[in-house]
Each structure stands twice: as C-alpha cells, then as structure tokens.
Amino acid sequence: MGSASDASALTDDWQRLLGDWSQKIGVSLLILFVFWVLAAMARKVVRKAGATAGIDSSVINLLARSAHVVLIAVGLVTALGTLGLDVSAIVASLGLTGFAVSFALKDSISNLLSGMLILIYRPFKVGALIKVKTFEGQVTAIDLRYTKLERDGEKILVPNSLLFTNPISILPESAGEN
188 MGSASDASAL
198 TDDWQRLLGD
208 WSQKIGVSLL
218 ILFVFWVLAA
228 MARKVVRKAG
238 ATAGIDSSVI
248 NLLARSAHVV
258 LIAVGLVTAL
268 GTLGLDVSAI
278 VASLGLTGFA
288 VSFALKDSIS
298 NLLSGMLILI
308 YRPFKVGALI
318 KVKTFEGQVT
328 AIDLRYTKLE
338 RDGEKILVPN
348 SLLFTNPISI
358 LPESAGEN
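Here the numbering used here = 1-based position in the sequence shown + 187.
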C-alpha cells in the first residue's frame, strides 16, 4: 500500500511540475510575441517618422533595424527571466560585448554617426564643390561611412568623421551650393 501512495505522490509532483512549467512557457511565449509585435510596430513608426522628417533612407533603415533588434533582445531576456533563468549573466555579457565591439569599431562607428548627422543636417548637397583639410572636389555621393568627391577624374572617399570634425569650405562656384 505504501508503493501506491508513493506513486500517487510522484504523479502529483510531476503534474504540479508540468503545470508550473507549462504556465511559465506559455507566459514566456506570450512575452516573446508581444515584443515581436512591438518590434515590428517600432520599425514601421521609425520608418514613417523618418520619411516625414525627410531623413535619408539609409539612416531610416539603420534606425529601424536597430530598434527592431533591441526590442527582440529585450523580449528574449525578459522571456528567459520569466522562465526562472538567471539573466544577470546574459545582461552582463551583452553589456561587455557591446562595449568591446564599440571600442573595436570606434572609427567605423564615428564615421557612421557622422554620416547620419551629415545626412540629417545636410551642410552640403550632392554637386557642391567642397574643401576639407587637403581634400577638395565635387560631392558625387554621400552615404553613411564616406562622402565621395571627384576632382579632375580622381575619385576621393572622405571619411564622414573627418567632415564632421573639421571645417568645411563650400566653394562658391559650386552648382549645388547651399
């Protein structure tokens, strides 16, 4: 008779354990779904706001993707925490990884952010004749990392951080003068 009560107790324990875990898994999946929907909405809102503000499409896409990835990452960490897992190590790892990557890509990030600001504030236009430091030429393209100049058939890629941190002369004979 003792073994029947032991089996019943074991069955009750398993049912309680499965009930707890199924509830946690359900809530975690719901959290993931909510964050997935929020990420999709954030992407649309950023794109619409950027287009309304007249921001360059490459900047809008970068910001929209960044918002999407951040919300998905927050959703994953929240869902894992809901399951009862200790997420402090994950959060610390993400922070350290972000710090290490940003330190390693310092110059690229500087060019990227400078490019975003150049595309937003538009201190000069494509077609303008500009001079910065020893570089002079007609602007043929502006992207997130470089501004492309051309002079006498020579193509020059000027890092945007150089344009953002140094005085720029916009020469008057430029067709695209601001």
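Ideal Cβ positions, reconstructed from N, Cα and C, are used throughout, including at glycine.
- Message: What ranges does the alpha helix (DSSP H) occupy inside the stretch 223-304, keeping only unbroken runs of at least 4 residues that lie completely in it?
- Response: 244-269 and 275-291
- Which partner residues does PRO346 have in the DSSP bridge list? Start at 1 with the first residue of the sequence shown, and residue 346 comes out as number 159. DSSP output for PRO346 lists TYR333 as bridge partner(s).
- Message: Quick check: the Cα distance between VAL261 and PHE222, rounded to an integer number of angstroms?
- Response: As a working note, residue 261 is residue 74 in the sequence shown. As a working note, residue 222 is residue 35 in the sequence shown. Near 8 Å, if we compare the C-alpha coordinates of PHE222 and VAL261.
- Message: Suppose you measure from the CA of THR265 to the CA of LEU216; what does that come to, to the nearest Å?
- Response: Taking the first residue of the sequence shown as 1, we reach residue 265 at position 78. Taking the first residue of the sequence shown as 1, we reach residue 216 at position 29. When rounded, the distance between both Cα atoms is 10 Å.
- Message: Classify PHE351: buried if its beta carbon has 16 or more other beta carbons within 10 angstroms, exposed otherwise.
- Response: What you label residue 351 is simply residue 164 of the sequence shown in a count that begins at 1. Classification of PHE351: buried, given that the 10 Å Cβ count is 16 or more.
- Task: Using beta-carbon positions only, say whether ILE357 and ILE317 come within less than 7 Å of one another.
- Result: Position 170 of the sequence shown, counting from 1, holds the residue named residue 357. Position 130 of the sequence shown, counting from 1, holds the residue named residue 317. Going by C-beta atoms, ILE357 is nearer than 7 Å to ILE317.
- Item | Start and end residues, beta strand (DSSP E) containing LEU316 | Position 129 of the sequence shown, counted from the start, is the residue given in the question as residue 316. Run containing LEU316: 316-319, per the beta strand (DSSP E) assignment.
- Query: Going by C-alpha distance, which of ASP339, VAL313 and VAL319 is nearest ALA328?
  - Reply: Mapped onto the sequence shown, residue 328 falls at position 141. If we check each option's Cα against that of ALA328, VAL313 comes out closest.
- Query: Since GLN325 sits in a beta bridge, which residues does DSSP pair it with?
  - Reply: What you label residue 325 is simply residue 138 of the sequence shown in a count that begins at 1. Looking at the DSSP assignment, GLN325 forms a beta bridge with LEU316 and GLU337.
- Message: According to DSSP, ILE355 sits in a beta bridge with which residue or residues?
- Response: Counting from 1 along the sequence shown, the entry for residue 355 is found at position 168. Note: ILE355 sits in a beta bridge opposite VAL319.
- Item | Meets three-Cβ-pair contact criterion under 8 Å: the stretch 301-310 and the stretch 267-282 | no
- Query: Quick one: Cα of ALA254 to Cα of GLY213, how far?
  - Reply: Stepping through the sequence shown from its first residue, residue 254 is reached at position 67. Stepping through the sequence shown from its first residue, residue 213 is reached at position 26. Computed Cα separation, rounded: 25 Å.
- Item | Own chain, CB closer than 8 Å to VAL278, minus 5 neighbours either side, in chain order | As a first step, residue 278 must be located in the sequence shown, where it is residue number 91. VAL264, listed in sequence order.
- Task: Report buried or exposed for ARG230, applying the criterion of at least 16 other Cβ atoms within 10 angstroms of its Cβ.
- Result: Against the sequence shown, residue 230 aligns to sequence position 43. ARG230 comes out buried.
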